[in-house]
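This report concerns only the one structure given below.
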């Protein structure tokens, strides 16, 4: 009987385990030094905010694993021997494998800031990070967060929920402006400020200073300002966790290098999820993609290969979602932070300043390329279909009602979006298709 060993119990590793079990009778072992069971990493903030308990974040009951003959081990993998096809665990000793899947995730970035390892300094990736934040934020009056990404804004909301003052240092001129176009970055920057976060744009961390007990007492910014605080959150991105692979002769760059089948340079060793880096990324895709859905799809793909149906990883069109306090964000296709030479844009923003849609299309052919939406829910199926069919911007906007996924009694804005487009692009006006919502029918 083949023995499949998976290192890491995040979404990619567990998806691989589930699909290997679905397609085979192989022995499966999942090893994690973090937690006994798979849990939803996106729920970290909600545990801290009291909306959920840790037990509620486990998608599967504890009995699920034994019933499905997936052996879970809470241990640390110290080394891999690719020639002998075994691994060495801290407590369990040597374990043989027939196929090894590395799903070791990512670690918070640190950039050599003086004081970055003091007590009261942490990133937010693992359950241990959450426990550390819980312990070191009790009774504090101010936290400083360094780095303007999705984890940073989650941490800001966490502290804000406990009435802890937050200073948020963001290097860019607007929040997440290295990803978002200027319009959306400005909208979210305003929203963060409206939620009483001390957002410092164009500002960096220079140094973290300690008290006489080695605990954070203040930081110094790049501009020389000193800010008193009792906690510092480092949220300036993450990087693939490659230490184990690198020490074991597995080829690495920024991540663990894999081909289109998610195979490493060592026989029967695969890498998936946040730790993996494609040697030959697909057109318009990044070599490292650290989002939930790509991790899940990699797990499904590698399971097919290991159970006899060798499959290449085809993630399809890019999409992602997040939340900035109470504003939901979705993106489909590609909306870069700056327009490319062949691209044209249509941007609509609601008068409230809380909702917007940003459409990108080809300047010549008018082919739809991507959309960002804030405060309006969209159907993934609609936009995936239109991208696959290479529809033009006119078709997308004419059928926008079809794509709206907001509940029935939410305000709808398709008519206003259509009118705004026709005003900006009068050469080929569009006419909305589909049924009006109930509110549109009543109030026009």
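Residue numbers (this note's numbering): 18 to 461.
Think of the CB as a built atom: it goes at the ideal place given N, C-alpha and C, for glycine as much as any other residue.
Is it right to say residue 186 is buried, meaning 16 or more other beta carbons lie within 10 angstroms of its own, or is it exposed?
Counting from one through the chain shown, the residue named residue 186 turns up at place 169. Buried is the call here.
Determine, using beta carbons only, whether residue 92 and residue 54 come nearer to each other than 9 Å.
In the chain shown, the residue the question calls residue 92 occupies position 75. In the chain shown, the residue the question calls residue 54 occupies position 37. Cβ distance not < 9 Å, so residue 92 and residue 54 don't count as in contact.
Name the one or two DSSP bridge partners that residue 233 has.
In the chain shown, counting from the first residue as 1, residue 233 sits at position 216. Partner(s): 227.
Can you name, in chain order, every residue of its own chain whose Cβ lies under 7 Å from the Cβ of residue 135, other than the five neighbours on each side?
For the purposes of this step, residue 135 is identified with residue 118 of the chain shown, where counting begins at 1. So the qualifying residues of the chain are 225, 227, 231, 232, 233.
In this structure, does DSSP put residue 415 in helix, strand or coil?
Numbered from 1 along the chain shown, position 398 holds the residue referred to as residue 415. Note: residue 415 maps to helix in three-state DSSP.
Residue 413 and residue 376: beta carbons closer than 9 Å?
Within the chain shown, the letter at position 396 stands for residue 413. Within the chain shown, the letter at position 359 stands for residue 376. Their beta carbons are under 9 Å apart, which means residue 413 touches residue 376 by this criterion.
For residue 381, which option in 362, 440, 428, 172 has the closest C-alpha, if you only look at C-alpha atoms?
As a working note, residue 381 is residue 364 in the chain shown. Looking at the Cα atoms, 362 is the closest of the given residues.
Only counting the same chain, and skipping five residues up and downstream in sequence, which positions put a Cβ closer than 7 Å to that of residue 451?
Counted from its first residue, the chain shown places residue 451 at position 434. Hits under 7 Å: 416, 418, 419.
Assuming residue 315 is part of the alpha helix (DSSP H), what are its boundary residues?
The residue you call residue 315 lines up with position 298 of the chain shown. Per DSSP, residue 315 belongs to the alpha helix (DSSP H) from 309-323.
Do you know whose CA, among 166, 229, 241, 237, lies nearest residue 209's CA?
As a first step, residue 209 must be located in the chain shown, where it is residue number 192. The shortest Cα separation from residue 209 among 166, 229, 241, 237 belongs to 166.
Less than 8 Å between the CB atoms is what I'm expecting for residue 336 and residue 349, so what's the real figure, rounded?
Stepping through the chain shown from its first residue, residue 336 is reached at position 319. Stepping through the chain shown from its first residue, residue 349 is reached at position 332. With 8 Å as the limit, residue 336 and residue 349 qualify as a contact, their Cβ atoms being about 5 Å apart.
Residue 292 by DSSP, collapsed to three states: which one?
Taking the first residue of the chain shown as position 1, residue 292 is located at position 275. Helix.
When the Cα of residue 195 is compared with those of 386, 379, 355, 295, which residue comes out closest?
Taking the first residue of the chain shown as position 1, residue 195 is located at position 178. If we check each option's Cα against that of residue 195, 355 comes out closest.
Determine whether the beta carbon atoms of residue 188 and residue 242 lie at a separation below 9 Å.
Here the question's residue 188 lines up with position 171 in the chain shown. Here the question's residue 242 lines up with position 225 in the chain shown. Not closer than 9 Å, so no.
Are residue 273 and residue 319 closer than 9 Å when you measure CB to CB?
Your numbering for residue 273 matches position 256 in the chain shown. Your numbering for residue 319 matches position 302 in the chain shown. Going by C-beta atoms, residue 273 is not nearer than 9 Å to residue 319.
Among 235, 252, 218, 142, which residue has its Cα nearest to the Cα of residue 173?
Along the chain shown, one-based indexing puts residue 173 at 156. Taking residue 173 as reference, the option from 235, 252, 218, 142 with the minimal CA-CA separation is 252.
Can you say whether residue 460 is buried or exposed, counting buried as having 16 or more other CB atoms within 10 angstroms of its CB?
By 1-based counting over the chain shown, the position of residue 460 is 443. Only weak support is given to the placement of residue 460: the predicted model assigns it a pLDDT of 46, under 50, and the value that follows is read from those uncertain coordinates. That one is exposed.
Since I believe residue 120 is in contact with residue 37 (beta carbons under 8 Å), could you give me their beta-carbon distance rounded to a whole number of angstroms?
In the chain shown, residue 37 corresponds to position 20, counting from 1. In the chain shown, residue 120 corresponds to position 103, counting from 1. The beta-carbon separation of residue 37 and residue 120, rounded to 12 Å, does not stay under the 8 Å limit for a contact.
Enumerate in chain order the residues of its own chain whose CB-to-CB distance from residue 447 is below 8 Å, with the five nearest sequence positions on each side excluded.
The residue labelled residue 447 in the question sits at position 430 within the chain shown. Closer than 8 Å at the Cβ level, and outside the excluded window around residue 447, lie 411, 414, 415, 435, 438, 439.
Residue 328 to residue 21, Cα distance in whole Å?
What you label residue 328 is simply residue 311 of the chain shown in a count that begins at 1. What you label residue 21 is simply residue 4 of the chain shown in a count that begins at 1. Each residue's Cα considered, the two are about 17 Å apart.
Cβ-Cβ distance between residue 87 and residue 35 below 9 Å
On the chain shown, residue 87 is found 70 positions in, with the first residue counted as 1. On the chain shown, residue 35 is found 18 positions in, with the first residue counted as 1. For residue 87 and residue 35, yes; Cβs fall inside 9 Å.
Start-end ranges of the alpha helix (DSSP H) lying completely within the region 117-191, minimum 4 residues:
144-153, 167-178
Between residue 106 and the rest of its own chain, which residues show a CB-CB distance below 8 Å, the 5 nearest in sequence each way excluded?
As a first step, residue 106 must be located in the chain shown, where it is residue number 89. So the qualifying residues of the chain are 48, 90, 92, 93, 94, 95, 112.
Give me the DSSP bridge partner(s) of residue 63.
Taking the first residue of the chain shown as position 1, residue 63 is located at position 46. Bridge partners of residue 63: none, in fact.
Between residue 267 and residue 283, how many whole angstroms is the CB-CB distance? I'm expecting something under 8 Å.
Mapped onto the chain shown, residue 267 falls at position 250. Mapped onto the chain shown, residue 283 falls at position 266. Indeed they touch by this definition, with Cβ atoms about 5 Å apart.
Residue 369, buried or exposed, once every other Cβ within 10 Å from all chains shown has been counted against 16:
The count along the chain shown starts at 1 and reaches residue 369 at position 352. That one is exposed.
Ignore the nearest five residues each way along the sequence and tell me which others in residue 293's own chain have a CB closer than 6 Å to its CB.
Looking up residue 293 in the chain shown gives position 276. Cβ neighbours of residue 293 beyond the five flanking positions: 272, 273, 275.
Excluding five sequence neighbours on each side, which residues of the same chain lie with their C-beta closer than 8 Å to the C-beta of residue 149?
Counted from its first residue, the chain shown places residue 149 at position 132. Only 139 meet the Cβ criterion.
Could you pull out every residue in the same chain whose Cβ sits closer than 8 Å to the Cβ of residue 371, ignoring the five residues on either side in sequence?
Position 354 of the chain shown, counting from 1, holds the residue named residue 371. Same-chain partners within the cutoff: 204, 208, 344, 391, 392.
Along the chain, where does the beta strand (DSSP E) that runs through residue 390 open and close?
Here the question's residue 390 lines up with position 373 in the chain shown. Run containing residue 390: 385-391, per the beta strand (DSSP E) assignment.
Any idea if residue 26 is buried or exposed, counting beta-carbon neighbours within 10 angstroms, 16 or more meaning buried?
Along the chain shown, read from residue 1 onward, the residue named residue 26 stands at position 9. It is buried - the Cβ of residue 26 has at least 16 other Cβ atoms within 10 Å.
Sheet register partners of residue 21 (DSSP bridge)
Taking the chain shown and counting its residues from 1, the one referred to as residue 21 is at position 4. Per DSSP, 45, 116.
When DSSP labels each residue in this structure, what does residue 297 get in the three-state scheme?
What you label residue 297 is simply residue 280 of the chain shown in a count that begins at 1. Looking at residue 297 - three-state DSSP - the assignment turns out to be coil, as it is neither helix nor strand.
DSSP state of residue 217, grouped into three classes?
Locating residue 217 in the chain shown gives position 200, counting from the first residue. Correct three-state label for residue 217: strand.
Rank 31, 46, 365 by C-alpha distance to the C-alpha of residue 18 and give the top, closest one.
Here residue 18 corresponds to residue number 1 of the chain shown, with the count starting at 1. Comparing alpha carbon positions, the residue from 31, 46, 365 closest to residue 18 is 46.
Which residue marks the beginning of the beta strand (DSSP E) containing residue 98, and which one marks its end?
Counting from one through the chain shown, the residue named residue 98 turns up at place 81. Looking at the DSSP string, the run of the beta strand (DSSP E) that includes residue 98 is 94-98.
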